[in-house]
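Undergrad: Next up is a structure, given as structure tokens.
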Amino acid sequence: MTKSELIADLAAANPHLRAADVERIVATIFDEITVALARGERVELRGFGAFTAKHRNARTGRNPRTGEAVPVDEKAVPFFKAGKELRERVNRGGPPARALAPERVQA
Numbered sequence: 057m058t059k060s061e062l063i064a065d066l067a068a069a070n071p072h073l074r075a076a077d078v079e080r081i082v083a084t085i086f087d088e089i090t091v092a093l094a095r096g097e098r099v100e101l102r103g104f105g106a107f108t109a110k111h112r113n114a115r116t117g118r119n120p121r122t123g124e125a126v127p128v129d130e131k132a133v134p135f136f137k138a139g140k141e142l143r144e145r146v147n148r149g150g151p152p153a154r155a156l157a158p159e160r161v162q163a
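Residue 57 is where the sequence shown starts when you use this note's numbering, and the numbers rise one by one after that.
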């Protein structure tokens, strides 16, 4: 599912909201998660999972084309750990316990 498909599904499930409003809501959620991770905070969505920023030390890498050693700077990388409910749902398959959106409508 792409971001635009998510927005379309949420707009279809919530006809009282305009698609532009749903798009703004989704963008705001993603922006807030990104800003929190940039500040080094943990973002936990109960039943879904947690986003964290993991620290990677500086290291020496290799240019795959030439084999030349190249320095790789230290950095923070986003990391997602799925929650128990999400893992169980993915492994079980089938419809969710509570449907959040109707079936996708084919145009």
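Every residue gets a Cβ at the ideal spot worked out from N, C-alpha and C, and that includes glycine. Here the structure is a predicted model, which is why all the values come from computation and not from measurement.
(1) Where does residue 73 fall in DSSP's three states?
(2) Indicate whether the contact test is met: 3 or more Cβ pairs, each with one atom in the stretch 142-151 and one in the stretch 109-121, closer than 8 Å.
(3) For residue 126, collect the residues of the same chain with a Cβ closer than 8 Å to its Cβ; drop the 5 residues on either side in sequence, then sort them by chain order.
(4) Taking all protein chains shown into account, do 16 or more other C-beta atoms lie within 10 angstroms of the C-beta of residue 76, making it buried, or fewer, making it exposed?
(5) Which residues in the same chain as residue 66 place their Cβ atom closer than 6 Å to its Cβ, once the five residues preceding and following it in sequence are excluded?
(6) What number of angstroms, rounded off, separates the C-alpha of residue 59 from the C-alpha of residue 124?
(7) Would the C-beta of residue 59 count as close to the ligand ADP, meaning under 7 Å from any of its heavy atoms?
TA: Considering the structure as presented:
(1) Here residue 73 refers to the residue found at position 17 when the sequence shown is read from its first residue. Here residue 73 sits in coil by DSSP.
(2) no
(3) Within the sequence shown, numbered from 1, the residue matching residue 126 stands at position 70. Here the set comprises 116, 117, 118 and 119.
(4) Here residue 76 is taken as the residue at index 20 of the sequence shown, counted from 1. Residue 76 should be labelled exposed.
(5) On the sequence shown, position 10 is the one that residue 66 refers to. 78.
(6) Taking the first residue of the sequence shown as position 1, residue 59 is located at position 3. Taking the first residue of the sequence shown as position 1, residue 124 is located at position 68. Cα to Cα, the separation comes out at about 38 Å.
(7) Looking at this structure, you won't find the ligand ADP or any other ligand, since it has none at all.
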